[in-house]
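This note's numbering applies: residue 183 is where the sequence shown begins, and numbers increase by one.
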Amino acid sequence: MAEYSEDDFLSLLDVSEIDKRLSQLDFQRTHLPEAIALNEVNARARDLHVRSVELASELVELRDAVTKAEIDVEQVEARMAKDQALLDAGSISDSKQLLELQHELENLEKRKRELEDIELEALALVEECQHQLQDIQTQSVAADEELENAKSALEQSIHALDQEIQTLHTKRTANLDSLDENLRNLYVKIKTDRAIGAAKLNGSKCDSCHLELRGAELSDIKKLPVTELVRCPECSVILIRVERA
Ligand SMILES: [Zn+2]
Numbered sequence: 183m184a185e186y187s188e189d190d191f192l193s194l195l196d197v198s199e200i201d202k203r204l205s206q207l208d209f210q211r212t213h214l215p216e217a218i219a220l221n222e223v224n225a226r227a228r229d230l231h232v233r234s235v236e237l238a239s240e241l242v243e244l245r246d247a248v249t250k251a252e253i254d255v256e257q258v259e260a261r262m263a264k265d266q267a268l269l270d271a272g273s274i275s276d277s278k279q280l281l282e283l284q285h286e287l288e289n290l291e292k293r294k295r296e297l298e299d300i301e302l303e304a305l306a307l308v309e310e311c312q313h314q315l316q317d318i319q320t321q322s323v324a325a326d327e328e329l330e331n332a333k334s335a336l337e338q339s340i341h342a343l344d345q346e347i348q349t350l351h352t353k354r355t356a357n358l359d360s361l362d363e364n365l366r367n368l369y370v371k372i373k374t375d376r377a378i379g380a381a382k383l384n385g386s387k388c389d390s391c392h393l394e395l396r397g398a399e400l401s402d403i404k405k406l407p408v409t410e411l412v413r414c415p416e417c418s419v420i421l422i423r424v425e426r427a
């Protein structure tokens, strides 16, 4: 079995702890609550924009309906004015014709009231739509602001994590470089295969697989100097038995 220095094993323990922290940070980086918050506000802002565009085009249609109703009323009023002028002129002497004209005026009056009701209804709808649009636009402005804040919160969190990751990588490289080359290569190989390359032997328990070593297995290991390379019989990681000063 290969033997290394205590410093080698301590550096290896550092690397292994750094690697553990790095994988936690990698997970955190892809599961940031700020990212979830950003997605939520992004979806909300998008919905509000869509709704705002819908309402704006609805408003155009409703205003057109008001204009149409106004024109309809004006046309009936013009016709009524014309009929009234005929009546006022007193030029119609035929009683049947006169009755017809009066009857038409009554009908026009009725029609005018109906059209005015339609116009009022259309105006009410315009007003309601305007309020809705205003409300949605206010919400939309607030959501856009929230979106900007959520974006910068996410950027800040990522930036902080990246800085920590960067620092750890630098430390990791320095520690790995200081290691005996064989030990380094072995660690890297085990870590590539199993995600964890080294762990402390905590009493009789491996800190990687958390299984307890027993009997001869344990007593054999205990007999070996701490500078001797030992691997966990269960999970194959390098077992570190050197204690930090
Ligand atoms: Zn193990």
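All C-beta atoms in this analysis are idealised placements derived from N, C-alpha and C, irrespective of residue type, glycine included.
If you check the CB distance, Ala225 and Leu336 do not come in under 8 Å. For Leu280, the enclosing alpha helix (DSSP H) stretches over residues Ser277 to Ser360. Unbroken alpha helix (DSSP H) stretches of 4 residues or longer found wholly inside the segment 358-390: 363-376, given in chain order.
Here the segment 351-366 makes no contact with the segment 381-401; the two share fewer than three CB pairs at distances below 8 Å. With a beta-carbon spacing of about 6 Å, Leu358 and Val197 fall inside the 8 Å limit used to define contacts. For Val308 and Leu290, the gap between their C-alpha atoms comes out near 26 Å. Remark: the C-beta of Ser390 is in contact range of ligand 1, defined as less than 7 Å to any heavy atom. By the C-beta density criterion, Ile420 is buried, having at least 16 other C-beta atoms within 10 angstroms.
For Ile420, the enclosing beta strand (DSSP E) begins and ends at Ile420 to Ile422. Under the criterion of beta carbons closer than 8 Å, Leu195 and Ile318 do not qualify as touching, at roughly 59 Å.
Put simply, the segment 236-248 does not touch the segment 340-359. Fewer than three CB pairs are less than 8 Å apart.
Annotation for Val412: no alpha helix (DSSP H) segment contains it, and DSSP assigns it neither H nor E. Under the three-state reduction of DSSP output, Glu259 falls in the helix class. Taken from the Cβ of Glu394, every heavy atom of ligand 1 lies 7 Å or farther away. Straight-line measurement puts the Cα of Ile378 at about 8 Å from the Cα of Lys202. Here DSSP, grouped into helix, strand and coil, assigns Glu425 to coil. Nearest in C-alpha terms to Leu192, of all of Gln338, Gln312, Leu287 and Leu411, is Leu411.
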